[in-house]
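Note that numbering that gives the first Met the number 0 gives residue 500 to position 501 of the sequence shown, counting from 1, and the numbers run on in steps of one.
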Amino acid sequence: MCALPKLRPTRRDLLKQTGALSALAAVSPLAAAGSAEAQAAHSAPSHAVTFQPGTLQDNVFTKLGVRPIINAHGTFTIITGSRSLPEVKQAMYEASNYYVHLDELMPKVGAEIAKLVGAEHAVVTTGCEAAIALATVACSCGTDPELSQAFPYKRKKSQVIIPKHSRNPYDFGVRMTGAEIVEVDSAEELQAKLTDQVAMIYILSGPAAEKGPLSIPSICAMAKAKNVPVFVDAAAEEPLVPNIHLQHGATLVGYSGGKCMRGPQAAGMMIGQADLIKAAWFQASPHHNYGRAYKVGKEEIMGLLAAVRQWYKRDHDAEQKAWKSWLDQIADKIKGLPSVRVEYLDPEDLSNRSPRLRVHWDANQVKITGTELFKRLDEGTPRIMLDGGTGVRPDKMESSFTIMPYMLEAWEIPIIADAIHEAMTKPGHYENPVIPTGAAQVDGKWAVSLKYTRGTAEQTFDLQQSGSDLKGKQVGAIYQADLAGSIHGNDLKLRARMPVSGHEVIWDFTGTVQGNTASGTVALGEYGMAEWKAVRG
């Protein structure tokens with residue numbers, strides 16, 4: 000009889016072996032460290048790579064046909080957040096050369112971060128959104144393996160309370176766990192809703208949560224009396240010491256690693272009560288629980304630790320002064336132009352704490368609106384993204400744009416200043432849009448068919464018309480919204496701000512009407528484009 004070949008061990012087999020590996024390392028340092036010969040065999044890679052940053056014109060992105068951005072907009076994930084610090088890059092590169100046991104690494108890193116930030120414990124996550132989700136699961140299941148494996152279908156605590164002022168697109172981190180969101184708008188309502196079904200309270204840090212009956216300190220005091228954990232979402236904030244949210248009674252606080260700390264873009268951290276932090280790590284990858292998808296690698300872990308270390312070494316006053324001086328350089332370049340005036344905007348809270356420059360002018364004199372200037376710089380070479388622009392011809396010619404210097408470098412400032420100056424002194428020629436005369440009659444009920452990139456949907460419009468002005472109701476399969484727009488000739492424009500759970504979806508319909516039919520496209524912002532057709536019933 001032939002012997003069966005030995006099967007390759009699975010990932011689960013390796014997980015079962017981890018306890019034995021840790022025990023072996025404890026009793027036998029030589030076994031853990033390896034022999035001198037083995038250590039000598041581990042040398043630098045035979046084909047060393049010379050690391051180069053590329054140039055604005057020639058880099059890994061341009062080779063793919065993707066245009067890099069000079070970021071005067073801010074630390075938005077859609078435009079890749081921030082530039083990681085040199086110390087972060089070094090830590091990530093060094094970490095990539097070695098293997099470690101993650102259940103040995105994370106407690107060590109968490110302990111050091113906790114010491115730096117002044118918390119009981121900490122864990123590195125795949126961004127603040129993952130921290131929100133892991134906090135929800137940790138507060139729902141703890142480290143009970145049965146509850147964890149049955150989650151999200153079975154749970155002891157099914158609700159998360161969110162104050163109305165804290166509803167936002169990022170509370171999806173709570174919703175994605177299947178928790179029932181209980182929205183409250185008063186201290187009395189909160190007190191009544193604090194039942195034994197509540198796993199956690201989620202609060203978005205910001206001006207709305209700083210004072211009043213539903214401020215962070217007030218909520219934490221009520222929650223503590225009922226032994227309900229409080230998570231504070233401080234994603235874009237500075238991790239000040241002492242931590243203001245922990246001082247106010249928060250149980251857990253989440254931060255992005257790729258914003259002001261300039262750590263890895265795909266990393267964040269959660270700090271706070273030790274047992275819940277450990278439960279969050281228990282629920283996260285590499286463990287086979289709800290958070291298995293939230294894999295944070297050794298590179299992100301060490302990169303985030305490097306960013307936190309550097310945060311408390313950086314000269315933040317000098318950074319603020321540098322940002323202000325850069326804004327001065329841009330302002331000095333253009334403030335002598337006709338009708339131009341500048342103002343400096345101070346940060347309102349700890350999020351995105353940087354001065355901003357807002358430039359105002361009359362486009363009748365300068366001959367370019369803020370939206371046109373924004374588009375020109377975005378389409379220019381190099382590509383420059385401002386922090387928004389206003390002004391639309393022909394009836395809204397008062398214009399503006401804003402610059403956020405937070406993630407800029409000194410060498411980019413003359414490029415931005417020159418591009419803005421050229422756009423305002425050599426604007427070219429912009430025509431007022433041609434508006435067709437008359438207005439097709441479109442009032443009534445319309446059956447609307449939508450074709451998405453994947454999938455279709457049916458909606459209804461109920462429109463009322465007064466001349467060329469339109470208003471009405473959009474009714475979807477789940478949500479509804481108010482419509483407003485115009486009809487000029489056969490050209491139709493409608494906009495809806497559809498309230499959904501936590502935020503709203505913007506629908507910008509454009510199209511053409513032909514009798515009792517209409518068709519066109521709808522722009523959905525981050526949700527892309529869709530085609531639509533409608534028939535009046």
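In this text, a Cβ means the ideal position worked out from N, Cα and C, and glycines have one as well.
Comparing C-alpha positions only, which one of the options sits nearest to residue i?
i: Thr-452; options: Met-199, Trp-531, Gly-475; result: Trp-531
i: Lys-413; options: Glu-103, Ile-367, Lys-332; result: Rather than Lys, the amino acid found at residue 413 in this sequence is Pro. It is Lys-332.
i: Leu-303; options: Arg-261, Trp-325, Gln-272, His-287; result: Arg-261
i: Lys-374; options: Asp-361, Ser-399, Asn-363, Val-252; result: Ser-399
i: Arg-382; options: Val-59, Ala-208, Pro-67; result: Pro-67
i: Tyr-169; options: Ala-118, Ala-235, Ala-191; result: Ala-235
i: Ile-180; options: Pro-162, Val-59, His-359, Lys-366; result: Pro-162
i: Ala-137; options: Ala-129, Pro-212, Met-403, Ala-279; result: Ala-279
i: Glu-353; options: Gly-73, Ile-77, Gly-427; result: Per the sequence shown, residue 353 should be read as Ser rather than Glu. The candidate whose alpha carbon is nearest that of Ser-353 is Gly-73.
i: Ala-446; options: Gly-437, Glu-318, Ala-456; result: Ala-456
i: Leu-326; options: Gly-256, Thr-401, Met-423; result: Thr-401
i: Ala-186; options: Pro-241, Cys-219, Gly-172, Gln-158; result: Cys-219
i: Asp-345; options: Met-403, Asp-314, Arg-308; result: Met-403
i: Gly-253; options: Ala-233, Cys-140, Gln-328, Pro-241; result: Ala-233
i: Lys-277; options: Pro-151, Ile-77, Arg-535, Ala-134; result: Ala-134
i: Lys-210; options: His-164, Ile-329, Leu-146, Leu-189; result: His-164
i: Glu-119; options: Asn-58, Lys-153, Glu-103, Met-269; result: Met-269
i: His-420; options: Gly-388, Pro-144, Ala-330, Glu-111; result: Ala-330
Where does residue i land, buried or exposed, given buried means 16+ other C-beta within 10 angstroms?
i: Pro-432; result: exposed
i: Gln-51; result: exposed
i: Ser-204; result: buried
i: Pro-435; result: exposed
i: Ile-300; result: buried
i: Glu-371; result: buried
i: Arg-355; result: buried
i: Pro-263; result: buried
i: Leu-63; result: exposed
i: Ala-533; result: buried
i: Ser-255; result: buried
i: Met-528; result: exposed
i: His-315; result: exposed
i: Ile-477; result: exposed
i: Ala-25; result: Its pLDDT being 35, under 50, Ala-25 is placed unreliably by the model, and the measurement read from it follows with that caveat. Exposed, since its Cβ has fewer than 16 Cβ neighbours within 10 Å.
i: Gly-172; result: buried
i: Arg-313; result: exposed
Residue i bridges to which residues according to DSSP?
i: Leu-469; result: Gln-464, Gly-484
i: Asp-507; result: Arg-494, Ala-522
i: His-120; result: Gly-271
i: Gly-443; result: Leu-462
i: Gln-264; result: In the DSSP output, where bridge partners are listed per residue, Gln-264 has none listed.
i: Asp-232; result: Leu-203, Gly-253
i: Arg-291; result: According to DSSP, which records beta bridges pairwise, Arg-291 is partnered with nothing at all.
i: Leu-356; result: Tyr-343, Ile-402
i: Asn-70; result: Met-384
i: Lys-450; result: Thr-455, Glu-530
i: Asp-361; result: Glu-397
i: Gln-513; result: Thr-516
i: Gln-479; result: Val-474
i: Ala-438; result: Gly-488
i: Cys-160; result: Per the sequence presented here, residue 160 reads as Ile, with Cys not at that position. According to DSSP, which records beta bridges pairwise, Ile-160 is partnered with Val-181, Ile-200.
So, using beta-carbon positions, are residue i and residue j closer together than 7 angstroms?
i: Ser-81; j: Lys-258; result: yes
i: Ile-202; j: Val-231; result: yes
i: Gly-267; j: Cys-127; result: yes
i: Ala-305; j: Val-87; result: yes
i: Gly-501; j: Arg-166; result: yes
i: Leu-537; j: Gly-271; result: Missing from the structure shown is residue 537; the chain here goes from 0 to 536 and no further.
i: Gln-473; j: Ala-483; result: no
i: Ile-160; j: Val-183; result: yes
i: Lys-156; j: Gln-196; result: yes
i: Gln-464; j: Gly-475; result: no
i: Ala-129; j: Tyr-311; result: no
i: Ala-265; j: Thr-125; result: yes
i: Pro-206; j: Asp-348; result: yes
i: Gly-335; j: Gly-369; result: no
i: Lys-225; j: Leu-193; result: yes
i: Ala-439; j: Asn-489; result: yes
i: Asn-242; j: Gly-53; result: no
i: Thr-176; j: Phe-281; result: no
Less than 8 angstroms between the CB atoms is what I'm expecting for residue i and residue j, so what's the real figure, rounded?
i: Gly-248; j: Pro-216; result: 6 angstroms
i: Gln-364; j: Pro-337; result: 4 angstroms
i: Val-99; j: Lys-297; result: 6 angstroms
i: His-487; j: Ser-518; result: So it is not a contact: roughly 17 angstroms between Cβ atoms.
i: Ala-71; j: Asp-386; result: 6 angstroms
i: Thr-509; j: Leu-491; result: 7 angstroms
i: Ile-69; j: Glu-411; result: 5 angstroms
i: Ile-77; j: Met-384; result: Between Met-384 and Ile-77 the Cβ distance is about 10 angstroms, and since that is not below 8 angstroms, they are no contact.
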